[in-house]
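Participant: Each residue of the sequence shown is one higher than the one before, counting from 1 in UniProt numbering. Where is the CB? At the ideal position from N, CA and C, for every residue including glycine. Predicted model only: the values in this text are computed from it and were never measured. Input: one structure, supplied below.
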Amino acid sequence: MNIIQDAGRSVEERQMSAVLLRKIFSTDFIEIYSKLAVNDQNNLKSQIILLLQTCDNDNIRRKICDAAAEVARNLIDDAGNNLWPEFLQFLFQCANSDNTTLKESALRLFTSVPEIFGNQESTYLVVIKQMLQQCLLPPNPYSVSPSTTAQVLACIYRGKTILPIIMNTVPDMLANPDWKYRHAALMAISSVGEGCHKQMEVMLDSVTEGVLRYITDPHPRVRYAACNALGQMSTDFAPVFQNKYHDKVIPGLLMVKQVSRQGHTWPAYGQMSTDFAAVFQNKYHDKVIPGLLMTLVMVSNESNALGQMSTDFAPVFQNKYHDKVIPGLLMIIQLDKESRVMFTPDFFFLFFLIPGEVVKTMVPLLKFYFHDGVRTAAANSMPCLLECAKLKGDQYIAEMWTYMCPELIKAIDLEPEVSVQSEMLGALGKCIELLGKGCLTPEWLKETLEVIDKIMVQHFESEDKRLEIRKDEDYDDQEEEKLEEEVQDDIYKLTKVSELIHAFFLTYKTEFYPHFDNILHHFVRMLQTDQTWSNHQWGLCIFDDLIEFTGPDSAKYESQFLAPMVSYITDKMPEVRQAACYGAGVLAMFGGDHYTQALSEIFPLLVKVIGDPEARTPDNIFATENAISAVTKILKYRPAAVPNIDEVIPHWLNWLPIFSDTEECPHVYGLLCDLIEANHPLVVGAQNANIPRLIALFAEMYAKEALPVAHPVSQRALAILKQIQGGSGDVFQHCFVNSLTVEQQVALQLAMTGK
């Protein structure tokens with residue numbers, strides 16, 4: 001807090017301190033605050049209010065507002081009592097102040113913590129309404145954001161209360177000769193659509209007509225507000241708004257011909273193009289794009305509209321506008337850090353000719369700590385840019401990767417936000433899969449493993465810390481809710497660690513063993529019985545990949561994973577069962593003869609999972625289908641593990657169809673095709689008695705889209721069906737008409753006719 005107040009520090013240092021302060025308050029406030037003496041607690045609260053009053057920088061003040069909101073949120077107890085009444089009094093004073101900076105800060109805080117009134121909301125109701133209505137008509141209407149006020153109103157009172165107030169106020173404001181009133185009214189309209197969606201939708205005709213009148217207003221800020229309102233309504237009421245009003249809105253926007261005015265229209269064009277791509281491209285595309293390109297380098301915000309339309313009309317942009325768009329975009333992303341987060345998803349294909357130039361811009365953003373979204377987008381851009389670079393050849397890729405990789409590894413190590421770090425881990429895994437074995441130097445590989453080791457140590461420390469908190473006498477439901485959020489973040493990070501290990505085993509195979517041994521103890525610990533179900537799940541997934549990609553050599557680690565895998569096949573948590581059953585399947589498919597005895601012991605456990613009365617419920621279906629697939633793989637690849645195989649096949653046939661886990665469907669239906677093509681008597685039946693059942697199975701497979709029609713296994717199934725149709729046409733037709741549902745009939749007919 002001292003750094004934030006120190007005017008001698010740089011803006012970046014002060015802003016970063018405010019960001020870190022918010023993070024501390026959001027994660028550890030109760031623990032820190034409870035250990036402070038009462039005087040220190042009061043001093044902390046006073047210092048926060050002082051920061052809000054004295055901060056001289058808009059960006060820093062917004063970050064302080066975020067930190068203050070976290071404190072206010074934590075100082076409302078379970079009974080709804082506000083334990084910081086001075087803060088609420090301060091907000092009312094700010095909201096009624098002539099100081100527009102304080103007024104906007106107050107509105108921002110009301111928006112962030114609408115529950116600030118606690119159980120006294122009804123007491124303050126009249127005061128709140130008066131205060132917020134007054135903010136719609138300040139002495140200087142343009143100086144306070146009316147959209148902020150409207151959002152607070154909609155957030156607290158929703159549509160039935162707030163919309164009539166706004167709609168009664170807006171007409172007089174729109175008729176006012178002072179442009180500031182017209183601007184404020186239009187901005188208020190643009191802000192209430194989301195919170196008042198149901199009530200506002202019935203009056204869209206009149207609202208749209210009213211807003212359209214102001215896109216040619218003499219004052220540019222009013223024109224901007226009108227275009228902004230149209231664009232926001234396109235988002236809030238999509239696709240109804242586009243379908244119903246495009247013939248009025250787009251021609252209206254096109255009336256604004258001067259370049260100085262056109263800048264206001266581009267965001268609206270971009271939002272209108274969403275959910276409306278076909279009509280927009282055919283009817284309006286060539287009228288809109290030239291003007292957009294003309295102003296691209298003049299107003300950086302137009303890149304947002306271009307990004308949206310480039311996504312909607314990718315082929316047109318690539319063929320017709322690529323060379324005109326790229327120079328302006330590069331200039332913008334080099335100058336405007338805050339806008340860069342938008343470019344990776346929307347402009348990916350536009351950068352395919354110049355990935356090297358974009359990499360030089362994106363890599364430094366891995367450490368742009370003022371915006372989590374920027375760092376996430378920068379990380380996710382890395383595999384995309386490498387994919388683009390394939391067109392340039394191996395040397396070009398190698399130079400890009402040499403610049404990119406060490407910075408990405410370093411960023412993962414230093415990243416303070418769990419969600420961003422998780423995305424970075426996933427991005428690194430995708431890069432390794434894309435580039436293949438040898439893409440990491442020994443030093444990079446060592447650094448990556450050290451990062452994984454550090455992350456896993458932190459993971460177990462966090463779990464131990466949560467366990468201690470749950471034992472504390474002050475532990476309650478509110479604390480558990482907070483802990484559960486942390487658990488979900490940790491689980492997501494485990495998925496990304498698993499994806500990274502997957503990439504290593506996929507590319508390096510057994511050559512990864514010496515490196516894996518350095519972190520093996522973490523994954524062995526995850527499988528211990530005293531660990532959480534999520535640790536069991538993702539620990540199993542790590543060893544599933546080890547078995548799948550290193551085959552019989554996986555026996556080296558058998559003592560670490562086999563017994564837990566067998567035990568967890570019947571675990572009470574379906575996610576754990578699914579991972580264990582999948583592991584049994586890859587043991588059969590890739591593990592070799594060494595695991596035959598183990599598979600003999602596993603087989604009855606799989607049958608038990610499949611036969612459970614709750615096996616087909618939504619929560620259990622993926623675990624069940626993985627168990628069916630594991631049985632399938634044992635029957636196909638390790639039949640020696642099943643001494644009574646002829647007794648099993650009729651049961652296996654009765655377990656079909658499966659269609660939820662599409663990754664496992666090819667294995668199951670592949671074996672079914674094998675057995676039919678071999679004319680197996682237990683499958684086709686005596687005198688082909690099972691043919692109707694087989695037709696129904698394949699029809700359901702197509703109806704549920706368990707396999708794409710173009711998949712090789714699907715094509716084998718079609719060949720079998722056509723053979724049945726050709727050899728026993730009457731039987732096929734009888735089954736088609738009398739045994740299949742309408743949905744199955746349609747799906748089967750489409751598949752067989754190739755439509």
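What residue does the alpha helix (DSSP H) around Tyr-33 start on, and which one ends it?
Facilitator: Looking at the DSSP string, the run of the alpha helix (DSSP H) that includes Tyr-33 is 11-34.
Participant: So, using beta-carbon positions, are Ile-455 and Lys-493 closer together than 8 Å?
Facilitator: Going by beta carbons, Ile-455 and Lys-493 fall inside the 8 Å limit.
Participant: Just to confirm, is the Cβ distance from Ile-602 to Ala-584 under 8 Å?
Facilitator: yes
Participant: Please report how far the alpha carbon of Val-631 lies from the alpha carbon of Ala-615, in whole angstroms.
Facilitator: 15 Å
Participant: Can you grab the Cα-Cα spacing for the pair Pro-514 / Asp-553, in whole Å?
Facilitator: 13 Å
Participant: Quick check on Ala-106: buried or exposed, where buried means 16 or more other Cβ atoms within 10 Å of its Cβ?
Facilitator: By the 10 Å Cβ count, Ala-106 comes out buried.
Participant: By DSSP, does Ile-76 sit in helix, in strand, or in coil?
Facilitator: In this structure, Ile-76 counts as strand in the three-state DSSP scheme.
Participant: Flag this pair as yes or no: are the beta carbons of Ala-379 and Leu-366 separated by less than 8 Å?
Facilitator: yes
Participant: Using a 10 Å radius around the Cβ and a threshold of 16 neighbouring Cβ atoms, would you call Leu-296 buried or exposed?
Facilitator: At Leu-296 the pLDDT is 44, less than 50, meaning the model places this residue with poor confidence; the figure from the coordinates comes in the next sentence. Label assigned to Leu-296: buried.
Participant: Return the bridge partner residues of Asn-82 from the DSSP annotation.
Facilitator: Bridge partners of Asn-82: Ile-76.
Participant: Taking the alpha carbon of Met-16 as the point to measure from, which residue in Asp-28, Phe-29 and Met-1 has its own alpha carbon closest?
Facilitator: Met-1
Participant: Could you check whether Lys-704 and Phe-732 sit closer than 8 Å to each other, using their CB atoms as the reference points?
Facilitator: no
Participant: Return the chain-ordered list of same chain residues with a C-beta closer than 8 Å to the C-beta of Asn-319, the five sequence neighbours on each side being excluded.
Facilitator: With a pLDDT of 49 at Asn-319, under the threshold of 50, the modelled position of that residue is not reliable, and no figure is offered here.
Participant: Once DSSP output is grouped into helix, strand and coil, what is the label at Val-648?
Facilitator: helix
Participant: Considering only the alpha carbon of each residue, which of Ile-501, Tyr-508, Glu-558 and Thr-529 lies closest to residue 756?
Facilitator: It is not possible to answer for residue 756, since the shown part of the chain is limited to 1 through 755.
Participant: Where does Thr-54 fall in DSSP's three states?
Facilitator: helix
Participant: Given a cut-off of 8 Å, decide if Val-211 and Ala-229 are closer than it, judged by their beta-carbon atoms.
Facilitator: yes
Participant: Please go through the same chain and pick out, in chain order, the residues whose beta-carbon is closer than 8 Å to the beta-carbon of Gln-744, but skip the five residues on each side of it.
Facilitator: Ala-696, Ala-699, Glu-700, Tyr-702 and Ala-703
Participant: Which one of Pro-712, Arg-693 and Lys-722 has the shortest CA to CA distance from Asn-738?
Facilitator: Arg-693
Participant: What did DSSP end up calling Glu-663 once you bin it into helix, strand or coil?
Facilitator: coil
Participant: Quick one, are the C-beta atoms of Asp-571 and Ala-563 less than 8 Å apart?
Facilitator: no
Participant: Assuming Ile-720 is part of the alpha helix (DSSP H), what are its boundary residues?
Facilitator: 712-727
Participant: DSSP state of Arg-693, grouped into three classes?
Facilitator: helix
Participant: Where Thr-596 and Thr-235 are concerned, what is the direct C-alpha to C-alpha distance, given to the nearest angstrom?
Facilitator: Near 58 Å, if we compare the C-alpha coordinates of Thr-235 and Thr-596.
Participant: Sorted by chain position, which residues of the same chain lie with C-beta nearer than 6 Å to Trp-533's C-beta, five sequence neighbours on each side aside?
Facilitator: Met-573 and Val-576
Participant: Let me make sure I understand the geometry here. Which of Gly-252, Ala-706, Leu-672 and Gln-93 has the alpha-carbon closest to that of Lys-633?
Facilitator: Nearest to Lys-633 by alpha-carbon distance, out of Gly-252, Ala-706, Leu-672 and Gln-93, is Leu-672.
Participant: Is the Cβ-Cβ distance between Leu-675 and Pro-650 less than 8 Å?
Facilitator: no
Participant: Below 8 Å between beta carbons: does that hold for Glu-417 and Asp-453?
Facilitator: no
Participant: Do you know how far the Cα of Gly-252 is from the Cα of Gly-193?
Facilitator: 21 Å
Participant: In the DSSP assignment, find the unbroken alpha helix (DSSP H) run with Asp-394 in it and report its ends.
Facilitator: 394-414
Participant: Suppose the cutoff is 7 Å on Cβ atoms and the five residues either side in sequence are ignored; what does the same chain contact list for Glu-423 look like?
Facilitator: Thr-376, Ala-379 and Asn-380
Participant: Jot down the residue ranges of each uninterrupted beta strand (DSSP E) in the region 510-566, minimum 3 residues, whole runs only, in chain order.
Facilitator: none
Participant: With a Cβ-Cβ cutoff of 8 Å, do Glu-70 and Phe-117 count as a contact?
Facilitator: It is not a contact, given that the beta carbons lie outside the stated cut-off.
Participant: Tell me which same chain residues have a C-beta within less than 6 Å of the C-beta of Val-451, skipping the five on either side of it?
Facilitator: Ile-412 and Asp-413
Participant: Could you confirm whether any beta carbon from chain C is found closer than 8 Å to the beta carbon of Pro-514?
Facilitator: Given the protein chain composition of this structure (a single chain), no chain C is represented.
Participant: Can Ile-469 and Glu-479 be called in contact, C-beta distance under 8 Å?
Facilitator: yes
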